[in-house]
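For what it's worth, our numbering labels the leading residue of the sequence shown as -19, then goes sequentially. Heads up, the beta-carbon is just placed ideally off N, CA and C, and yes, glycines get one too. Every value quoted in this text rests on a predicted model; they were computed, and no experiment measured them. Notes follow once the structure below has been shown.
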Amino acid sequence: MTPDEQGLVSSFAQVAFFNNVNMIVTITGYGAFVLGTSIAVLSLRRRGPWGPSQISLLICLFIIFICFTWNVFYSGGFNLMDIQYTFQYMPSWAATVNLLLSDCIVVWTAWVMFQYDKLWRLALVVLMIANIGVNIADCIWGDIELNIEVASFTTLDWLSSIISLAVNIFATLLIAFKAWNHHRFMTTLFLRKRTRAQNILLLLVESGAMYCAIQSVYAVFILLDVYTVVDVGFSQAMNIITAMSIVAAACYPVAVIILIRKDSSPIVSSDFCDAGMDHRVGFESLPIELDCLIANQITDTATLSALTLVSRKLYVVFTPELFRSVNRAEALPTLASSQNERFPLRNPHPASFVKHLDIWIPHKDYDPQSSRNELRLLRIVQNCMPQALYNISVYGEKAVLRSFKIDLQTSTTSFTKLIGNIDEENQLFESLHELSLRCCFPVKDFRQSLARLKMALGPSLRSFELHRPTEGGADPRSLSKLLSLVGEYCNNLTRLCIELPREREKPHKDLQVLFDDAAFTFPSLTVFSFTDDRNFLQPQVIQQAVDITYFLQRHTNIEEIGYHCLHKISLRQNGMLPHLTRFCGFLPQALDLCGDGTRPLESLSISIDGGSNETHSANLISALKKTAIIRRLIIKETRLRRLYLQGFSSSSINSIIAICANLTHLQCTFGIDTTTMLQQSLRAISNLRRLEHLKLMTIKSVYKEIPKAEYEPFGAKEMRTFIKLTGHEIMLAMRDAFGAHENLQTALFVVYGWFGTPMPWFHRPPIQARFALRKGRNQFHIEDQNDSTEWDFGNITPRTATDDDTRFMAEESDTFDVLQSVR
């Protein structure tokens, strides 16, 4: 045998060896793919009825199966035969389809997790479009240059592999970022055990990292093949790497589905699995009655939400408690998700437990960060509220809702769009007890809004509140039609709160006719609030004022009234409101109410408006002498926002305290110049032996108390430090004054730091610091109140939700972000 023949035989043997290795890799990967696809389809089938997400996923698996099967037949069978030349067009297209579908699944996973981050979504879309375009161009170029491109790669080959690698790395990094944020959240809750959501995120990150590693090796081999001189051995090794890349592209989406379904991975240690965690913690061995008792004893939702991450059993037990009263907009995506999208969670849908739905979005027009957060929450409400209500009606029991409240001050979404397409025969609101609305009622769909509102009105309703949004509220004529429906269908109301629109150019004649109509009567009404804060100092507006005197004369059972209107009415007429015990309104009306001294008033909440002065304060003191049985006295400063006046003087507060010696609740505001007198007033307040709750406020102006040279560089940070020092100093004095008080439970102190410059208020708004003095173990403790939580016992329609409590039911929402990625 000649040397040339030996070389030919050796080359043939080397090619045959690598072909066999390539065949083993391809066939082995295909066998694993077929097995994995069968398991994935079976797991999808066990999830329940086929939904759109399952059908789409099944179609993707079917296309990947066809393309991978064709690739295996070509590389495994057709290479052993002398086949037609046209078959060589097919392998690149089949492999490219598999690659693009696999990339789409990864991008979709990251897309679902960042549903409110448009920047990251835009980056994913741009990268995916570029990936599709380059890969299709590579396939077309490979078909055109088939005679030339036989055993080498072109620029489009390495470019398509590089951009696919970039897409996968970027998407995997986004998923890893989400996993890290979730880990930090769990750390803040002091939970070191891995939850299901953490396991799923780790599975997605690790599978994506393995796939990116294979793609990286493949990209390096292509670059070496294009820009360097390679031998036969390298080319054969390149064929093996290519086969591994094709197998990985086909198996990756199948592996992700199986891993999430089975919640297992080689990297996730068995020490962190749910069963092991449950048995080590001990909750799994507790009787169900003890778990329910724990749920009843815990009052804050943050603790309940944290415990649901500790044990699967606690999650099932505590979920009804968490979702019975929903008062956060962040919970709406959870309620709006379908049962299939909650996979692998198998417990009943959270919407089936909702009894009270109270969605309130705080509005702060002077804070840019709060404005951005408000817009984010508004988008959640607009997108998820209709589907959430539909799920409550589908998954919950008949007539499931007991209270429904919407408070959107700046939303332009109409009431019709918020309710959605719920059938009028649906029994969602049949047993509704409380209904509170602050949303838009535009003229263009007002009829549809009335039809939706009629669904919520009925004999079961006991409380109805209609508040005015910042814009888009109902005009006076539309409002009268709306209230007439309330009078027609809700005869059993015990509580009615109404805010009139601020439109000065439109007369309120229709509303006046409605309030004068004897048919607009509620026999059981005990609480009534009426707000019309238009500027009645203008003569043309006084003529448009709505007089509710006849309405009040028809309702003799009213015990509590809120009248926030500068248009004065006489409440001293004979026989009017004989059972009135609680009043909330402006100072002139309070003076008129207390003037006769015959009212058995127990609670008096007074709003000090811009027209009030010290003379009115003296008149208030005289009026309080005739109503000594008052137990709750709340003096609110509506001038505080505009800073027209600097609060009540210490002498006035001391006189009030001396008159009302039996107070159990007290709230008042001290002025700028009386802070030094405040410590002396604390001793007078401590003499109120029945006092249980106290709330004091004051204003500190750096403009008056700091020299001009030091004031010029004074910013928000310096102001916050300044008022905190002042607040701590006063709290120490408060603790000394009330140290021996027997009945006091809570004292809240608020300091407003005002820059005091001639600038408009909204350019440099006041900065506030809150402090609380709480009794525990027979002694008082000083706490900093970082959130806006405050007890307001003088408001008929109080708000108790906090702005900074962002962890409410976050775990299930994060879990859904992960689980929806397999749709």
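- Per the DSSP secondary-structure output, Val730 pairs in a beta bridge with Met677, Arg750.
- Shortest Cα-Cα distance from Ile710 to any of Glu672, Gln660, Thr(-18) involves Gln660.
- In this structure, Val77 is the residue among Lys98, Thr89, Phe94, Val77 with its C-alpha nearest to the C-alpha of Asn111.
- For the set Leu315, Leu154, Glu617, Tyr191, the Cα lying nearest the Cα of Leu79 is the one of Tyr191.
- The segment 487 to 502 makes no contact with the segment 550 to 561; the number of CB pairs closer than 8 Å stays below 3.
- Distance between Ala229 and Lys397, taken at the CA atoms: about 43 Å.
- Burial state of Arg579 is buried, judged by a 10 Å Cβ sphere holding 16 or more other Cβ atoms.
- Scanning its chain for C-beta atoms nearer than 7 Å, with the 5 sequence neighbours on each side dropped, one finds around Leu181 the residues Ile155, Lys158, Ala159, His162, Val798, in chain order.
- The secondary-structure analysis by DSSP pairs Gln647 across a beta bridge with Ile614, Lys675.
- Rounded to whole angstroms, the separation of the alpha carbons of Ser585 and Tyr732 is 21 Å.
- Cβ contact annotation for Tyr232 (same chain, cutoff 6 Å, sequence separation greater than five): Ser82, Tyr191, in chain order.
- For Asp496, the three-state secondary structure derived from DSSP is helix.
- Taking every protein chain shown into account, the CB of Ile703 has 16 or more other CB atoms within 10 angstroms, so this residue is buried.
- Taking C-beta atoms as the reference points, Cys564 and Leu604 fail to come closer than 8 Å.
- Taking each of Leu668, Arg427, Asp338, Ile194 in turn and checking the Cα distance to Arg308, the smallest one comes out for Asp338.
- The residues Ile601, in chain order, have a CB closer than 7 Å to that of Ser635 in the same chain once the five nearest residues on each side in sequence are set aside.
- Remark: C-beta atoms of Val92 and Leu104 do not approach each other more closely than 8 Å.
- C-alpha of His343 to C-alpha of Leu102: approximately 29 Å in a straight line.
- If you check the CB distance, Ser373 and Leu408 come in under 8 Å.
- Under the 10 Å beta carbon count, Thr(-18) is surrounded by fewer than 16 other beta carbons and is classified as exposed.
- Pro456 counts as buried, since at least 16 other C-beta atoms from the protein chains shown sit within 10 angstroms of its C-beta.
- For Val5, the number of other beta carbons within 10 angstroms of its own is at least 16, and it is reported as buried.
- Around Phe45, the same chain offers Thr17 as residues with beta carbons nearer than 7 Å, after the five sequence neighbours per side are excluded.
- Here the alpha carbons of Met435 and Asn406 stand approximately 8 Å from one another.
- Annotation: the continuous beta strand (DSSP E) that includes Asp338 extends over 336 to 341.
- Nearest to Ala749 by alpha-carbon distance, out of Lys755, Gly707, Leu712, is Gly707.
- Spatial neighbours of Asn148 in its own chain (CB-CB distance under 7 Å, excluding positions within 5 residues in sequence) are listed in chain order as Asp83, Val86, Gly188, Tyr191, Cys192, Gln195.
- In the assembly as shown, Lys697 is an exposed residue. Its beta-carbon has fewer than 16 other beta-carbons within 10 Å.
- Shown here for Trp100: same chain residues with a beta carbon closer than 8 Å to its own, the five before and five after excluded, namely Ala90, Phe94, Leu154 in chain order.
- Under DSSP, Gly555 takes part in no beta bridge, so it has no partner.
- According to the DSSP assignment, Ile633 belongs to the alpha helix (DSSP H) that extends over 630 to 639.
- If you check the CB distance, Glu479 and Gly438 do not come in under 8 Å.
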